[in-house]
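Participant:
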């Protein structure tokens with residue numbers, strides 16, 4: 304399961320933490336051919352940039368880049384927030400529950416969204 308983070312983060316740092324945690328989870332699950340979709344264009348741009356960023360955000364991007372090098376194949380894509388309904392539903396569901404959750408199968412609240420994405 305993911306870590307619990309204490310503190311206040313800006314939006315781009317929070318999104319980078321989310322991408323890093325997702326990549327870490329995928330690596331642990333031996334899922335090495337991945338597509339990561341995020342509505343944070345700044346994260347997508349930073350991951351495709353060769354410039355060095357010495358800020359906390361930059362160190363998060365470095366962590367993500369290192370995790371991506373362990374993947375057999377990967378794609379990191381920007382998607383508009385309106386098209387990222389699955390992430391929105393997961394965030395809403397997670398914020399309504401105490402503690403941490405991991406779903407070993409697709410939760411029922413996501414089935415309609417995922418079926419729609421496949422069309």
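Residue numbers (this note's numbering): 304 to 422. Quick reminder that beta carbons are idealized off the backbone N, C-alpha and C, glycines included.
For residue 409, which of helix, strand or coil comes out of DSSP?
Facilitator: coil
Participant: For the putative contact between residue 345 and residue 325, defined by C-beta atoms under 8 Å, what is the C-beta separation to the nearest angstrom?
Facilitator: Contact doesn't hold; Cβ gap of about 17 Å is too wide.
Participant: Near residue 322, what residues of its chain come up, given a Cβ to Cβ distance below 7 Å and the 5 sequence neighbours on each side ignored?
Facilitator: 339, 341, 346, 367
Participant: Just tell me which of 356, 343, 335, 358 has its CA closest to the CA of residue 371.
Facilitator: 335
Participant: Could you say which of 332, 405, 381, 422 lies nearest to residue 318 if we only look at CA atoms?
Facilitator: 381
Participant: Quick one: using the 10 Å Cβ neighbour count with 16 as the cut-off for buried, is residue 412 buried or exposed?
Facilitator: exposed
Participant: Answer with buried or exposed for residue 414, where buried requires no fewer than 16 other C-beta atoms within 10 angstroms of its C-beta.
Facilitator: Around the beta carbon of residue 414, a 10 Å sphere encloses fewer than 16 other beta carbons of the protein chains shown; the residue is thus reported as exposed.
Participant: Please go through the segment 338-382 and give each complete alpha helix (DSSP H) segment of 4 or more residues, from N-terminal end onward.
Facilitator: 344-351, 359-372
Participant: Rounded to whole angstroms, what is the Cα-Cα separation between residue 360 and residue 349?
Facilitator: Whole-angstrom Cα-Cα distance: 9 Å.
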